[in-house]
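Using the numbering used here, read the sequence shown as starting at 3 and increasing by one per residue. Yeah, the Cβ is synthetic: ideal placement off N, Cα and C, and Gly gets one too. Here is the structure we will look at.
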Amino acid sequence: MSNFIQIPKGNVPQQIRNDVEKLLPKPESYPGWKFNKYRWIKLTQVNTKDKNGNTDNSVRVSGTGDNESLQNSLCKGIDVTKLTPSVYPNNNLMNGFNRLKNLLELGHKEWIFAEYEIDESTKTEFQESFEDCLDDFRASANKGDGQKVISDAEVEEIGRKRFEHRTDRIKQKIAEWINSLDLNLSSQKVEAISKRISTDFQRKGVIESFNRKEAQQFLNDAGIGADLLNTTGPSGDNTRVLRLYVQIMENFIANQDTFHVALFDSQASSHEDLDDRRQDTIRIMKELDKTVIKYAAIRMLEKDTDPWEIIGAIPQKIGVENLKSHRLVEV
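Structure follows, in structure tokens:
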């Protein structure tokens, strides 16, 4: 049996409306909101702009974009296993901006929406205003059924706005807010996002923020020829240095020339952080260079001794390698 019911592009007959409403899934519950009813609305009557005339899609950083698979799906009708777009009273669109755009492009006149209204009894401690409730709804609703799934950057942007005037800007509280959105994120993902937001607040007014793209643009604008090295990370972490050092060696072998490096830090939250990480990175580079020189000298003296030997591999091919043999397999 198909999950789709064809929706005519003109007025939708009452029988089709009844059939659709009977089969739709139970509307989701969201903190600060309660489902009121399903409503069929003329699409030209749906409000998508804020009071300044901007598209009122408050959780998006770069817009919903195009979605060819969504339009193909809508051509088949309404998928009654999926949630509908939502509005709050007076036909103000809450989510489904991309779907509305595609429906209008396809020539539809009416569609079904789930209408929600504010529910004071289910608000969380992070919802102090109507805008807070609306942002949280949109974030929670953007899980992929016709929407562009909310990105980490978009969660971070909402988080910065949410905690800008709060006093509890600590990572733990920010993580609690993210978890309240029920975005199905892993604990590691929640930890990473909440850490980035809290770090941004710590360095505000103290550290100029640069990501790699912005740092590269700084070099381009200044006309400086150099490769970037991010000094962020735990003390003693030489992963980034190792990756760059390979390029340094290859350049020296090919050109006998100095490789210029510009340092930046994408996560430092204080002047002390910057100074410590810069010096730590320089120390790691010098120690690595000394190790390479020592290795090359001894390697030249011991050419007949192999520096490494692959003695086999852990058995992992089910049905081909004996996983219980407690022996390595040949490679």
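Given a cut-off of 8 Å on the beta-carbon distance, is the pair residue i and residue j in contact?
{"i": "LEU265", "j": "ARG285", "result": "no"}
{"i": "ARG41", "j": "PHE115", "result": "yes"}
{"i": "ILE199", "j": "GLY161", "result": "yes"}
{"i": "VAL248", "j": "MET287", "result": "no"}
{"i": "ASP138", "j": "GLY34", "result": "yes"}
{"i": "ASP267", "j": "ASN213", "result": "no"}
{"i": "VAL22", "j": "GLU112", "result": "no"}
{"i": "GLU6", "j": "GLY79", "result": "For the record, residue 6 in the displayed sequence is Phe; it is not Glu. Going by C-beta atoms, PHE6 is nearer than 8 Å to GLY79."}
{"i": "SER142", "j": "TYR297", "result": "no"}
{"i": "GLU117", "j": "PRO87", "result": "no"}
{"i": "PHE203", "j": "ARG164", "result": "no"}
{"i": "LEU95", "j": "THR50", "result": "yes"}
From the DSSP output, in three-state form, read off residue i for me.
{"i": "TRP179", "result": "helix"}
{"i": "GLN16", "result": "helix"}
{"i": "SER64", "result": "Unreliable positioning characterises SER64 in this predicted model, as indicated by a pLDDT of 48, which lies under 50. The coordinate reading is nonetheless provided below. Coil."}
{"i": "ASN324", "result": "coil"}
{"i": "ARG43", "result": "Checking the sequence shown, residue 43 turns out to be Ile, not Arg. Strand, per DSSP."}
{"i": "ASN186", "result": "coil"}
{"i": "ASN5", "result": "coil"}
{"i": "GLU166", "result": "coil"}
{"i": "ASN38", "result": "strand"}
{"i": "ILE316", "result": "coil"}
{"i": "ASN240", "result": "coil"}
{"i": "GLU127", "result": "coil"}
{"i": "PHE254", "result": "helix"}
{"i": "VAL333", "result": "coil"}
{"i": "ALA217", "result": "helix"}
{"i": "ASP259", "result": "coil"}
{"i": "LYS11", "result": "coil"}
I need the straight-line Cα distance from residue i to residue j, nearest angstrom please.
{"i": "ARG19", "j": "LEU102", "result": "18 Å"}
{"i": "ILE209", "j": "ARG168", "result": "20 Å"}
{"i": "LYS36", "j": "LYS319", "result": "52 Å"}
{"i": "LYS292", "j": "LYS197", "result": "35 Å"}
{"i": "GLY146", "j": "LEU72", "result": "Note that GLY146 scores a pLDDT of 46, beneath 50, so its modelled location is shaky; the value from the coordinates is reported in the next line. Using only the alpha carbons, I get a separation of about 10 Å."}
{"i": "LYS191", "j": "ASN97", "result": "24 Å"}
{"i": "ILE152", "j": "ILE195", "result": "13 Å"}
{"i": "GLU289", "j": "GLN269", "result": "24 Å"}
{"i": "SER189", "j": "ASP275", "result": "26 Å"}
{"i": "PHE384", "j": "ASP223", "result": "Outside the shown range of the chain, which is 3 to 333, sits residue 384, and nothing can be said about it."}
{"i": "ASN240", "j": "LEU106", "result": "53 Å"}
{"i": "GLU252", "j": "GLN218", "result": "22 Å"}
{"i": "LEU325", "j": "GLU332", "result": "13 Å"}
{"i": "GLU70", "j": "THR307", "result": "59 Å"}
{"i": "LEU330", "j": "GLY321", "result": "16 Å"}
{"i": "ALA315", "j": "LEU187", "result": "34 Å"}
{"i": "VAL48", "j": "VAL89", "result": "8 Å"}
{"i": "VAL157", "j": "LEU303", "result": "57 Å"}
{"i": "THR66", "j": "PRO317", "result": "Any reading at THR66 needs caution, since the residue's pLDDT is 46, under 50, leaving its predicted position unreliable; the model's value is listed next. Distance between the alpha carbons of THR66 and PRO317 is about 45 Å."}
{"i": "LYS295", "j": "ARG301", "result": "In the sequence as presented, Lys is not what sits at residue 295; that position holds Ile. Cα to Cα, ILE295 sits roughly 10 Å from ARG301."}
For the ligand FMN, any of its heavy atoms closer than 7 Å to the Cβ of residue i?
{"i": "MET302", "result": "Within the structure as shown, the ligand FMN is missing, as the structure has no ligands at all."}
- prompt: Would you call the segment 126–138 and the segment 17–29 touching, i.e. three or more CB-CB distances under 8 Å?
  reply: no
message: For the pair the segment 311–319 and the segment 250–260, tell me if three or more CB-CB distances fall below 8 Å.
response: no
task: Entirely within the segment 74–109 and at least 4 residues each: give me those alpha helix (DSSP H) ranges in chain order.
output: Taking 4 residues as the shortest admissible run, the segment 74–109 contains the following complete alpha helix (DSSP H) segments, listed from N- to C-terminal end: 99–108.
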